[in-house]
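To start, the structure under review is shown below, and the notes come after it.
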Amino acid sequence: MSEIEIYSAVLCPFAHRSRLTLLEKGIPFKAIEIDLQNKPANFAEISPYGKVPVLKHGNNRVWESAIVNEYLDETFPEPPLLPKTPMQRAEARIWINFADTRLFATTGKLLYSRDPQPQTAVLQELAEHLQFIEHQGLAKMSDSGPYWLGKELSLVDLTFYPWFEQLAVLEHFRGFQLPPGLDRLKQWWETVAERESVRSIAKSPEFYLERYARLA
Ligand SMILES: N[C@@H](CCC(=O)N[C@@H](CS)C(=O)NCC(=O)O)C(=O)O
168 MSEIEIYSAV
178 LCPFAHRSRL
188 TLLEKGIPFK
198 AIEIDLQNKP
208 ANFAEISPYG
218 KVPVLKHGNN
228 RVWESAIVNE
238 YLDETFPEPP
248 LLPKTPMQRA
258 EARIWINFAD
268 TRLFATTGKL
278 LYSRDPQPQT
288 AVLQELAEHL
298 QFIEHQGLAK
308 MSDSGPYWLG
318 KELSLVDLTF
328 YPWFEQLAVL
338 EHFRGFQLPP
348 GLDRLKQWWE
358 TVAERESVRS
368 IAKSPEFYLE
378 RYARLA
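Per the numbering used here, the sequence shown runs over residues 168 to 383.
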């Protein structure tokens with residue numbers, strides 16, 4: 168097997184997703200930590216968008232975490248991290264897209280944007296995304312649980328989990344509070360947090376708070 172390298176950053180939830188995918192697949196890899204505040208001079212040659220993660224596999228180079236994860240799932244099929252039928256795969260991809268275009272997009276607005284939209288509206292938007300997940304996602308899809316799509320862990324779990332690991336940052340710096348009644352979501356979070364892969368690279372809330380405080 169050609170050596171796998173992943174350009175990553177410890178605070179980046181997108182890179183976190185792809186490192187979890189590598190770990191779940193049991194693929195040996197080398198993680199190269201990029202200081203995003205002080206990128207290496209040649210980083211544009213490695214990462215066309217100037218972002219992490221970027222995966223290097225032999226002569227192949229792949230970026231965008233959702234695409235990196237599907238590349239890994241296709242290249243290293245065991246254990247599979249997407250379901251089998253086209254419709255189930257479509258559902259998985261719809262949730263992965265929801266993570267990117269809704270949950271993480273709103274989080275980005277809350278943390279970094281100079282958007283004049285009042286922060287209370289953005290906080291509300293974030294709460295609504297979580298309620299949508301609880302009622303339209305987990306309630307309908309994982310009756311057989313304990314994972315998002317049912318009995319088996321999938322890329323959907325690995326895509327969302329990093330957001331939850333960093334929740335303390337939103338609570339502490341932006342006054343966000345999880346809305347009440349997210350019982351399935353909390354149960355799901357606990358289950359995923361127990362995975363060996365997740366535990367092996369998990370960071371504490373204090374770790375994230377200290378790092379974000381340094382950035383601010
Ligand atoms: N859509 C991308 C997002 C990646 C991303 O935004 N990475 C951030 C860190 S979390 C980054 O590298 N930012 C550096 C920059 O924009 O200069 C993905 O899923 O991979």
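Where a beta carbon is used, it is the ideal one built from N, C-alpha and C, also for glycine.
Just so we're clear, the structure is a prediction, and the values are computed from it rather than from any experiment.
- [ ] Output yes or no for whether 8 Å exceeds the beta carbon distance between residue 199 and residue 170.
- [x] no
Task: Neighbourhood of residue 180 by C-beta, 8 Å cutoff - its chain only, sequence neighbours within 5 removed - done: 271, 329, 330, 332, 333
Open item on the list: Less than 7 Å separating the Cβ of residue 384 from some heavy atom of ligand 1?
Closed with: Nothing can be reported for residue 384: it is not among the residues displayed for the chain, which extend from 168 to 383.
Open item on the list: Starting from residue 233, trace the beta strand (DSSP E) in both directions and tell me its first and last residue.
Closed with: Segment 232 to 242 is the alpha helix (DSSP H) holding residue 233; no beta strand (DSSP E) there.
TODO: Would you decide whether residue 220 is buried or exposed? Buried here means 16 or more other CB atoms lie within 10 Å of its CB.
DONE: buried
Task: Within 8 Å, strictly: CB atoms of residue 191 and residue 325 - done: yes
TODO: Would you kindly work out how many angstroms separate the C-alpha atoms of residue 376 and residue 202, rounded to a whole number?
DONE: 17 Å
TODO: Report, in whole angstroms, the separation of the C-beta atoms of residue 296 and residue 269, which I expect to be a contact under 8 Å.
DONE: 5 Å
- [ ] Tell me, to the nearest whole angstrom, how far the beta carbon of residue 214 is from that of residue 174; I am working on the premise that it is less than 8 Å.
- [x] 6 Å
TODO: Report whether the distance from the Cβ of residue 388 to the nearest heavy atom of ligand 1 is below 7 Å.
DONE: Here the chain comprises residues numbered 168 to 383, so residue 388 is not present and cannot be evaluated.
Open item on the list: Nearer than 7 Å: is that true of the beta carbon of residue 324 relative to any heavy atom of ligand 1?
Closed with: no
Open item on the list: According to DSSP, simplified to helix, strand and coil, what is residue 208?
Closed with: coil
Open item on the list: Taking the alpha-carbon of residue 212 as reference, which of 266, 228, 205 has the nearest alpha-carbon?
Closed with: 228
Task: Nearest residue (CA-CA) to residue 354, options 185, 216, 383, 305 - done: 305
TODO: Assign residue 304 to one of three DSSP states: helix, strand, or coil.
DONE: helix
TODO: Check whether the Cβ atoms of residue 335 and residue 285 sit closer than 8 Å, and answer yes or no.
DONE: no
Task: Residues bridged to residue 317 [DSSP beta-bridge criterion] - done: 314
- [ ] Indicate the three-state DSSP secondary structure (helix, strand or coil) for residue 380 in the structure shown.
- [x] helix
Task: Residue range of the alpha helix (DSSP H) that includes residue 185 - done: 180 to 192
- [ ] Would you kindly check if the distance between the Cβ of residue 222 and the Cβ of residue 185 is under 8 Å?
- [x] yes
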